[in-house]
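J.: The sequence shown maps to residues 975 to 1077 in the working numbering. All C-beta atoms in this analysis are idealised placements derived from N, C-alpha and C, irrespective of residue type, glycine included. All of these numbers come straight from a predicted model, not from anything done at the bench. Pasting a structure below so you can have a look.
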Amino acid sequence: MNTVCLQVFVSEASRHRGKPTYEWLLDTAKTLGIGGGSAFRALAGFGRHERRDAGFFELAGELPVVVEFFVETALADRLLEAVAAAELKLVYARLPAEIGVTA
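Structure below.
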């Protein structure tokens, strides 16, 4: 079994089908049988356009959110196919991962 960490990057303010894009990703993943996922809101960041910081009131809702899943490669592929079918253009990273439990 090949496990990967699939990270999908969205804007906090982005929406798809009436809900925040990160919620749509989590709901879609659950529907596909993915056992769990998490969304993490950034405190600050920068990209090709400019720097973003949670301290600026006028930038509220514009910080990046990373939606992360640890899944088998086949499930990661299915989720990315669902994203493409929904015509969402999202940046993602797929990294090899080892999952374990301590003690």
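Taking 6 Å as the limit between beta carbons, can you name the residues of its chain near F1014, skipping five residues before and five after?
T.: For this step, residue 1014 is matched to residue 40 along the sequence shown. Counting only Cβ-Cβ distances below 6 Å, and skipping sequence neighbours, we find V1040.
J.: Identify every residue that forms a DSSP beta bridge with R989.
T.: Residue 989 sits at position 15 when you count from the first residue of the sequence shown. Paired residue(s): P994.
J.: Straight-line CA distance for F1031 to L1017?
T.: Against the sequence shown, residue 1031 aligns to sequence position 57. Against the sequence shown, residue 1017 aligns to sequence position 43. Since pLDDT at F1031 reaches only 47, below the 50 mark, its modelled position is unreliable, and the value read off the structure follows with that caveat. Distance between the alpha carbons of F1031 and L1017: 13 Å.
J.: Just curious, the beta strand (DSSP E) that L1069 is in, first and last residue?
T.: Translated into the one-based positions of the sequence shown, residue 1069 becomes position 95. Counting along the chain, the beta strand (DSSP E) containing L1069 begins and ends at 1065-1070.
J.: Do you know how far the Cα of G1010 is from the Cα of L1064?
T.: If you number the sequence shown from 1, residue 1064 lands on position 90. If you number the sequence shown from 1, residue 1010 lands on position 36. The alpha-carbon atoms of L1064 and G1010 are separated by roughly 20 Å.
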